[in-house]
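Below is one structure; the comments refer to it alone.
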Amino acid sequence: MSAFVFAPEIVAGVLHHMNDDHNDDNLLIARAFGDRGATGSIMTALDGDGGTWSITVDGAPRDLTVKWSTSITERPEIRREIVVLYDLACAELGLEPRAHA
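For the sequence shown, position 69 matches number 69 in full-length UniProt numbering, and the numbering has no gaps at all.
Right, here's the structure in full:
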């Protein structure tokens, strides 16, 4: 079964928000699930199964895809799953996560 595909405007909105407002979170996810030495990370795609980031390691970009905790099909579930990844990334890196509003 293929992953759920969100409408292009939803994907564009999430990517814009993540890359403009959550650069530090993107880097935490890259370091926790990709490579501890990552120096850059931008979210490039998402679907119902997970998110994809272009991470920079040793000056070279590479793709990192991280699965959500469960398959999703609704816009509000994207935020929930990114928060789950952020919390897991903090735990993996031994950091205290900030409170979520």
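Just so you know, even glycine gets a beta-carbon here, dropped at the ideal spot from N, CA and C.
For residue i, tell me which candidate among the options has the shortest Cα-Cα distance.
| i | options | result |
| --- | --- | --- |
| Phe4 | Glu74, Asp35, Ser54 | Glu74 |
| Ala38 | Gly48, Val11, Ala60 | Ala60 |
| Asn26 | Glu96, Phe6, Ser54, Arg98 | Ser54 |
| Gly94 | Asp24, Gly13, Ala32 | Ala32 |
| Asp63 | Asp35, Ile82, Phe6 | Asp35 |
Give the C-beta separation of residue i and residue j to the nearest angstrom, bearing in mind that I take them to be a contact with Cβ-Cβ under 8 Å.
| i | j | result |
| --- | --- | --- |
| Met43 | Met18 | 4 Å |
| Gly40 | Ile72 | Not confirmed; about 26 Å, so no contact. |
| Tyr86 | Ile29 | 7 Å |
Starting from residue i, trace the alpha helix (DSSP H) both ways and give me its first and last residue.
| i | result |
| --- | --- |
| Ala32 | 23-33 |
In the DSSP assignment, find the beta strand (DSSP E) that holds residue i and state where it starts and stops.
| i | result |
| --- | --- |
| Asp87 | Unbroken run through Asp87 is the alpha helix (DSSP H), 75-93; no beta strand (DSSP E). |
| Trp53 | 50-57 |
Distance, Cα to Cα, residue i vs residue j?
| i | j | result |
| --- | --- | --- |
| Pro8 | Ile78 | 14 Å |
| Pro97 | Asp58 | 27 Å |
Determine whether the Cβ of residue i lies closer than 7 Å to any Cβ atom of chain B.
| i | result |
| --- | --- |
| Met1 | Chain labels in this structure do not include chain B; a single protein chain is all it has. |
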